[in-house]
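Quick note, the sequence shown lines up with residues 168 to 276 if you use this note's numbering. Heads up, the beta-carbon is just placed ideally off N, CA and C, and yes, glycines get one too. These notes are about the structure you will find just below.
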Amino acid sequence: MENIFVAVINITCGLLFVCLGIPFYKERVKMNHLYGVKFNKSFESEENWYKINKYCVKRLMIWSIPLLFIGIIAIFLPPLNEFLMIMFTFAPCIVLIPAIESYIYSKKF
168 MENIFVAVIN ITCGLLFVCL GIPFYKERVK MNHLYGVKFN KSFESEENWY KINKYCVKRL
228 MIWSIPLLFI GIIAIFLPPL NEFLMIMFTF APCIVLIPAI ESYIYSKKF
């Protein structure tokens, strides 16, 4: 039963990250303070806004793939031991990696 919980969390987060990123990838979200990457550099110009957000979304989509695989794999695994359960449950924290990559990328502007 725990595996299903882990699977649902990871698959949902992976799909959510991809779905939320599609409008940015298509450059359809205008500069705002609610939705998007909020680095100082991204607000300096509209060009920066689109470049930084598009880069972040690409990285987020790439890092969503492991989440989807972890979720799918969790469905077929025997009951997880406590360590693996914790690791798989916190896998959505993988979103920190593209956030750091995007911050480093934004410093180029």
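The Cβ atoms of A258 and L234 sit closer than 9 Å to each other. Between the segment 183-199 and the segment 218-226 there are three or more C-beta pairs closer than 8 Å, enough to call the two in contact. For the segment 174-252, there is no continuous beta strand (DSSP E) assignment of 3+ residues that stays within its boundaries. For the pair F243 and I253, the Cα-to-Cα distance works out to about 17 Å. Residue environment: S212 is assigned as exposed (fewer than 16 neighbouring CB atoms within 10 Å of its CB, all protein chains considered). Taking 9 Å as the cut-off, the Cβ atoms of F276 and K205 do not count as close.
Here DSSP, grouped into helix, strand and coil, assigns F257 to coil.
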